[in-house]
Amino acid sequence: MILATIIEKLGLEVKNAGGDLTNEVTGVYVSDLLSDVMANSKEGQLWVTLQVHPNIVAVATLKDLAGIILVNGREPERETLARAEEEKIPLMTTRLPAFQLAGKLYGLIGEC
Amino acid sequence: MTKEPEERSPAPGEKDITKVQELVYEMKVNQVMATDIITVSPHNLMSELRVLLREKRISGVPVVEGTTLVGLVSIEDFIKCLSEGKMNNLVKDRMSCNVMTMYDDEPLVRAVEEFDRRGYGRFPVISRETGALVGVITKGDIIRGLLKRIEIDYHEEEIHHYRASHFFEDIIADKTTLIFQYKVTGKDFSRAGRTSSGLKRTLRRMGIPPKIIRRVAIATYEAEMNIVVFTDGGEITAQVTPREIRVEAVDSGPGIPDIKKAMEPGFSTAPDWVRNLGFGAGMGLTNIRKCADTMRLESTVGKGTRLEIAVQLNGAVKHDLSNHH
Numbered sequence: 000m001i002l003a004t005i006i007e008k009l010g011l012e013v014k015n016a017g018g019d020l021t022n023e024v025t026g027v028y029v030s031d032l033l034s035d036v037m038a039n040s041k042e043g044q045l046w047v048t049l050q051v052h053p054n055i056v057a058v059a060t061l062k063d064l065a066g067i068i069l070v071n072g073r074e075p076e077r078e079t080l081a082r083a084e085e086e087k088i089p090l091m092t093t094r095l096p097a098f099q100l101a102g103k104l105y106g107l108i109g110e111c
Numbered sequence: 000m001t002k003e004p005e006e007r008s009p010a011p012g013e014k015d016i017t018k019v020q021e022l023v024y025e026m027k028v029n030q031v032m033a034t035d036i037i038t039v040s041p042h043n044l045m046s047e048l049r050v051l052l053r054e055k056r057i058s059g060v061p062v063v064e065g066t067t068l069v070g071l072v073s074i075e076d077f078i079k080c081l082s083e084g085k086m087n088n089l090v091k092d093r094m095s096c097n098v099m100t101m102y103d104d105e106p107l108v109r110a111v112e113e114f115d116r117r118g119y120g121r122f123p124v125i126s127r128e129t130g131a132l133v134g135v136i137t138k139g140d141i142i143r144g145l146l147k148r149i150e151i152d153y154h155e156e157e158i159h160h161y162r163a164s165h166f167f168e169d170i171i172a173d174k175t176t177l178i179f180q181y182k183v184t185g186k187d188f189s190r191a192g193r194t195s196s197g198l199k200r201t202l203r204r205m206g207i208p209p210k211i212i213r214r215v216a217i218a219t220y221e222a223e224m225n226i227v228v229f230t231d232g233g234e235i236t237a238q239v240t241p242r243e244i245r246v247e248a249v250d251s252g253p254g255i256p257d258i259k260k261a262m263e264p265g266f267s268t269a270p271d272w273v274r275n276l277g278f279g280a281g282m283g284l285t286n287i288r289k290c291a292d293t294m295r296l297e298s299t300v301g302k303g304t305r306l307e308i309a310v311q312l313n314g315a316v317k318h319d320l321s322n323h324h
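The listed protein sequences correspond, in order, to chains L and H.
Reminder that position 20 of the first sequence reads as 19 in numbering that gives the first Met the number 0, one-by-one numbering, no gaps.
Reminder that position 48 of the second sequence reads as 47 in numbering that gives the first Met the number 0, one-by-one numbering, no gaps.
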């Protein structure tokens, strides 16, 4: 399923331009520990987190992730947004907490 | 008469997924279907089909009212009509209405399966969004689409291979080492990750294989984060030779009191505020060890830490022809 479809179905808010929303999402990784994401996420996955500082963009770029979803209505820091724009990493927000969002994502794309 | 039980032994390499198998799952119907389709109206006469079928050499035509598919009229319908001498019948009275269709966004593998199962020659393709007829897909379209895609992929592979294999060959020297240096600022989380991102981009431009780049990038990221979190700053140097990529991260304090302990997964001395940012999970050195072929960590409390890792390029860059002698 491509990112744009997921955004539409879950009503996510896209915070930056420049990211490729037609990328095929190969799975989802949920974690707030950056080293854990660094070690265990896979290329093409969406990353669900509550971290909002600029370094999340670096992690997503290095691991070639499909995008980052910030949960619990958290907003990215200004620098985070600027870097996401620069690195072309789609940054999205939702009011849902991580558990609920993960459940909905699982329903959409299953066990990837 | 006995019949041999049909026992199929797996062909060699059957478990491997071929490129074609991968592509039929990845590619969509709308990437290979023909879009310049010939259609007829249900109100056409059957006799009007004669020229169409002969000149275009096609065996079936979708019947369309407005943009909506209402049926399919085949060469068999036409012959039957001809033998009955009822060529002044309307298309809508002779067409088949139960038409098996495909959606434009379905994977090719579904079309392949349906062709196999039903033995039809073609499927009209419907847009899932609008319901309109947008194309027709035949087995020929699938084969052409796959061949084209394989050619494109092969071409990209060739370019990639060229870059990686010739980068060093174009340099004339007895020994070549490229050095990239980066300064890392301590405690500056807003700039953290710049070194590893920059190195990754540089290696990609050199045509280093993506798998190798990812390993180097992860190890460099963790080394960079250690400098940012724990020190007042340091320097990261990457040395690239035809054989390996070597990354060295050096800082001037505070040093690691117990390296063995620091290497244990989950062990962390990061302060709470750093952990709250998601760093300091105690996985950094573990991640580095996982990614690197060799790793060396030296540290003196109060003086500083030096980490050196290497990732082998063996064979990835064509430069070791002498090995075969």
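Glycine included, each C-beta is placed from N, C-alpha and C at the ideal position.
None of the values given here were measured: they were computed from a predicted structure.
Compute the Euclidean distance between the alpha carbons of G185/H and N71/L, then round it to the nearest angstrom. Counted from its first residue, the second sequence places residue 185/H at position 186. Counted from its first residue, the first sequence places residue 71/L at position 72. The straight-line gap separating the alpha-carbon atoms of G185/H and N71/L is approximately 30 Å.
To the nearest angstrom, report how far apart A101/L and Q44/L are at their CA atoms. As a first step, residue 101/L is located in the first sequence; it is residue number 102 there, counting from the start. As a first step, residue 44/L is located in the first sequence; it is residue number 45 there, counting from the start. Looking at the two C-alpha atoms, the distance is approximately 13 Å.
Segments assigned alpha helix (DSSP H), at least 4 residues, entirely inside the region 23-50 of chain L: Counting only runs of at least 4 residues, the region 23-50 of chain L fully encloses the following alpha helix (DSSP H) elements, listed from N- to C-terminal order: 33-39.
In whole angstroms, what is the alpha-carbon distance linking E307/H and L296/H? In the second sequence, residue 307/H corresponds to position 308, counting from 1. In the second sequence, residue 296/H corresponds to position 297, counting from 1. For E307/H and L296/H, the distance between alpha carbons rounds to 6 Å.
Would you check if there are 3 or more beta carbon pairs closer than 8 Å linking the region 54-66 of chain L to the region 34-41 of chain L? Enough Cβ pairs lie closer than 8 Å, so yes.
According to DSSP, residues forming a beta bridge with D250/H: As a working note, residue 250/H is residue 251 in the second sequence. D250/H pairs with G233/H, T304/H.
How about D103/H and G134/H: are their beta carbons less than 8 Å apart? Counted from its first residue, the second sequence places residue 103/H at position 104. Counted from its first residue, the second sequence places residue 134/H at position 135. Contact: yes.
Which residues of the region 181-197 of chain H have a Cβ closer than 9 Å to any Cβ of chain L? Give them in chain order. Listed in sequence order: F188, S189, R190, A191, G192, R193, S195, S196.
Measure the alpha-carbon distance for A237/H versus F188/H and round it to whole angstroms. In the second sequence, counting from the first residue as 1, residue 237/H sits at position 238. In the second sequence, counting from the first residue as 1, residue 188/H sits at position 189. CA-CA distance, A237/H to F188/H, rounds to 22 Å.
Which chain L residues sit within Cβ distance under 7 Å of F278/H? Taking the second sequence and counting its residues from 1, one reaches residue 278/H at position 279. Scanning chain L for C-beta atoms nearer than 7 Å to the C-beta of F278/H yields L33, reported in chain order.
Would you mind telling me which residues of chain L sit closer than 9 Å to K289/H, beta carbon to beta carbon, in chain order? Here residue 289/H refers to the residue found at position 290 of the second sequence. Those within 9 Å of K289/H in chain L are A38.
For Q311/H, which beta-bridge partners are listed by DSSP? Locating residue 311/H in the second sequence gives position 312, where the first residue counts as 1. Beta bridge pairing from DSSP links Q311/H with E243/H.
Just verifying my parser: in three-state terms, what is the DSSP assignment at F179/H? Working through the second sequence from its first residue, we reach residue 179/H at position 180. Reduced to three states, the DSSP call for F179/H is strand.
Name the chain H residues whose beta carbon is nearer than 9 Å to that of T92/L? Taking the first sequence and counting its residues from 1, one reaches residue 92/L at position 93. Those do not exist, as T92/L stays about 17 Å from chain H at its closest Cβ, beyond 9 Å.
Pull up the distance between the alpha-carbon of D19/L and that of D92/H, whole angstroms please. Numbered from 1 along the first sequence, position 20 holds the residue referred to as residue 19/L. Numbered from 1 along the second sequence, position 93 holds the residue referred to as residue 92/H. D19/L and D92/H: Cα-Cα distance of roughly 48 Å.
Quick one: residues in its chain with C-beta nearer than 8 Å to the C-beta of V111/H, no 5 flanking neighbours on either side, listed in chain order? Here residue 111/H refers to the residue found at position 112 when the second sequence is read from its first residue. The residues V23, I141, in chain order, have a CB closer than 8 Å to that of V111/H in the same chain once the five nearest residues on each side in sequence are set aside.
Anyone know if the C-beta pair for T92/L and K41/L falls short of 8 Å? Locating residue 92/L in the first sequence gives position 93, where the first residue counts as 1. Locating residue 41/L in the first sequence gives position 42, where the first residue counts as 1. Using a Cβ distance threshold of 8 Å, T92/L and K41/L do not count as a contacting pair.
Taking only the alpha-carbon atoms, compute the straight-line gap between K103/L and M101/H and give it to the nearest angstrom. Counted from its first residue, the first sequence places residue 103/L at position 104. Counted from its first residue, the second sequence places residue 101/H at position 102. Near 28 Å, if we compare the C-alpha coordinates of M101/H and K103/L.
Mind listing the chain H neighbours of P53/L? Cutoff is C-beta to C-beta under 9 Å, in chain order. Sequence index remark: in the first sequence, residue 53/L carries index 54 (1-based). Chain H residues near P53/L: F188, S189, R190, A191, G192.
Report back the beta-carbon spacing between R214/H and C290/H to the nearest angstrom; my notes put them in contact at under 8 Å. For the purposes of this step, residue 214/H is identified with residue 215 of the second sequence, where counting begins at 1. For the purposes of this step, residue 290/H is identified with residue 291 of the second sequence, where counting begins at 1. Their Cβ separation, rounded to whole angstroms, is 4 Å, which keeps R214/H and C290/H in contact under 8 Å.
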